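The opening residue of the sequence shown carries number -6 in the working numbering; numbering runs sequentially from there.
Note that beta-carbon positions come from the ideal geometry of N, C-alpha and C, so glycine has one too.
As the structure is a prediction and not an experimental result, all values here were calculated from the model.
Below is one structure; the comments refer to it alone.
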Amino acid sequence: MFEKRRPGAVLFDRDGTLIRDVPYNGDPRLVEPMPGAAEALGRLRRADVPVAVVTNQSGVARGLLSPDDMDQVNARVEELLGPFDAWAICVHDDNDGCTCRKPAPGLVIRAAAVLDVSPRDCVVVGDIGRDMEAARAAGARGILVPTPQTRREEIEEAAEVADDLIDVVDRVLSDVAGPVPAVSAPWARAMGWSRW
Ligand SMILES: [Mg+2]
Ligand SMILES: [Zn+2]
């Protein structure tokens, strides 16, 4: 028998991937899961694959929502979709020059560190090119789940594209490995990540 390949963790973008994208949302009542999200997460949890959220929330830096609002929205996400093993959140703006705002790999590296897995064993699931760039830069496998808002070139440039979150889980729990990602080692060193 072949031993089935299991990723070390699956890291999900939040807005437009796990829940419908409501820009700068600070209202937990507006949280609505994307189709298949609950089922996909359930399958991963039953397979003992850690699940985490890696999300840009620049509305905090821009003063459009408070950290407390954001926490309430995230609590609602867990109420609807169950607990996540880690949350890695960037509250900065593009101008802050942080190392965590996607497309930088910091959130992927941080979540992997919290879960004690290598980023190279992680799958990053997102709806835009920034998510895929962060995955690539961290050495993770990126899977794009496009929405009507995803730009054509982001789909064309993605290493792997899935129809929906169920398709994502079919892929990551199958024996078929994804494309081997190129590792951007300078980023890893900058983030102090040593376990490659
Ligand atoms: Mg998104
Ligand atoms: Zn940041």
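{"query": "Grouping DSSP H, G and I as helix and E and B as strand, with all else coil, what is Val47?", "result": "strand"}
{"query": "Are at least three pairs of beta-carbons, each pair with one atom in the region 68 to 82 and one in the region 28 to 48, less than 8 Å apart?", "result": "yes"}
{"query": "Is Asp8 helix, strand or coil by DSSP?", "result": "strand"}
{"query": "Between Gly135 and ligand 1, is there a pair consisting of the residue's CB and a ligand heavy atom that are separated by less than 7 Å?", "result": "no"}
{"query": "Going by C-alpha to C-alpha distance, which of Ala31, Ala152 and Asn67 sits closest to Leu23?", "result": "Asn67"}
{"query": "CA-CA distance, Leu57 and Gln65?", "result": "15 Å"}
{"query": "Output the residue ranges of the alpha helix (DSSP H) runs that lie fully inside the region 18 to 79 and measure 4 residues or longer, sorted by chain position.", "result": "30 to 39, 51 to 54 and 60 to 74"}
{"query": "Can you tell me which of Arg94, Arg7 and Ala106 puts its alpha carbon nearest to the alpha carbon of Val70?", "result": "Arg7"}
{"query": "Express the C-alpha separation of Val53 and Asp62 in angstroms, rounding to a whole number.", "result": "9 Å"}
{"query": "For Ile136 and Ala155, which I take to be in contact (beta-carbon distance under 8 Å), what is that distance rounded to the nearest angstrom?", "result": "5 Å"}
{"query": "Report the residue ranges of all beta strand (DSSP E) runs contained in full by the region 107 to 169; include only those spanning at least 3 residues, in chain order.", "result": "115 to 119 and 134 to 137"}
{"query": "Just grab the DSSP bridge partners of Val3 for me.", "result": "Val44 and Val116"}
{"query": "Please say whether Leu4 and Ala117 have beta carbons closer to each other than 8 Å?", "result": "Per the sequence shown, residue 117 should be read as Val rather than Ala. Yes, Cβ-Cβ distance for Val117 and Leu4 is below 8 Å."}
{"query": "Would you mind stating whether Val138 and Asp120 have Cβ atoms separated by less than 8 Å?", "result": "yes"}
{"query": "Report all residues for which the CB-ligand distance to some heavy atom of ligand 2 is below 6 Å; order them along the chain.", "result": "Cys83, His85, Cys91, Cys93 and Arg94"}
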